[in-house]
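Quick note, the numbering used here runs 43 ahead of the 1-based positions in the sequence shown.
Cβ coordinates follow ideal geometry from the N, Cα and C atoms, glycine included.
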Amino acid sequence: MTHTAADGPAATATVATATRAAAAPQATPRVSRSGLPLIPYAELPPEAQDTLALIKSDGPFPFDRDGLTFQNREGILPGKRAGYYQEYTVITPGSSDRGARRIVTGAEGEIYYTDDHYDSFREVSF
């Protein structure tokens with residue numbers, strides 16, 4: 044068997060590093076009891092944190108539709124009775140309208156965030 048410089052200690056170390064990286068445990072997505080992904084409060088955009096502060100203080104809200112019933116027509120959030128969810132706008136800097144970002148709250152204290160106008164949701168964790 045012929046050995047080359049590529050078979051030396053550096054090559055062995057590279058193979059060992061690649062093997063460890065492949066075998067390293069992968070981070071599992073954080074999922075809520077509802078089955079939706081979780082997003083920690085600290086990872087929300089600052090505007091979403093501002094919206095949550097307004098919700099906590101009961102306003103005033105920047106848009107007339109803030110605080111109205113969210114119908115959950117998409118069926119992504121857990122199924123609940125009519126009127127269970129309320130929606131609030133998360134201001135999008137540079138947007139001339141309400142943009143796509145929302146906070147949706149549930150009557151039992153759940154908080155959900157969407158940044159794609161209800162195509163997906165993440166439950167906020169504290």
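CB contact flag (residue i, residue j, <8 Å)
i: Tyr127; j: Gly149; result: yes
i: Asp35; j: Thr132; result: Nothing about residue 35 can be read from this structure; the chain reaches only from 44 to 169.
i: Glu130; j: Phe113; result: yes
i: Arg141; j: Phe106; result: yes
i: Tyr84; j: Ser168; result: yes
i: Pro121; j: Ser77; result: yes
Local conformation of residue i per DSSP, three classes
i: Ile119; result: coil
i: Gln92; result: helix
i: Glu130; result: strand
i: Leu87; result: coil
i: Leu79; result: coil
i: Phe164; result: coil
i: Gln69; result: Note that Gln69 has pLDDT 49, beneath the 50 cutoff, so the model's placement of it is unreliable and no number is given.
8 Å contact criterion, which residue i and residue j should meet: CB distance rounded
i: Ala91; j: Arg165; result: That pair is no contact at about 10 Å.
i: Ile174; j: Leu81; result: Because the chain here runs from 44 to 169, residue 174 falls outside it and cannot be looked at.
i: Tyr156; j: Leu111; result: About 17 Å separates the two Cβ atoms, so there is no contact after all.
Selection from the options that minimises the alpha carbon distance to residue i
i: Asp159; options: Ala85, Ser168, Ile119 and Ser75; result: Ile119
i: Ile134; options: Arg76, Pro89 and Ser77; result: Pro89
Exercise for the section: Return the chain-ordered ranges of every alpha helix (DSSP H) run that is complete within the region 134-162 and spans a minimum of 4 residues. Expected result: Correct list: empty.
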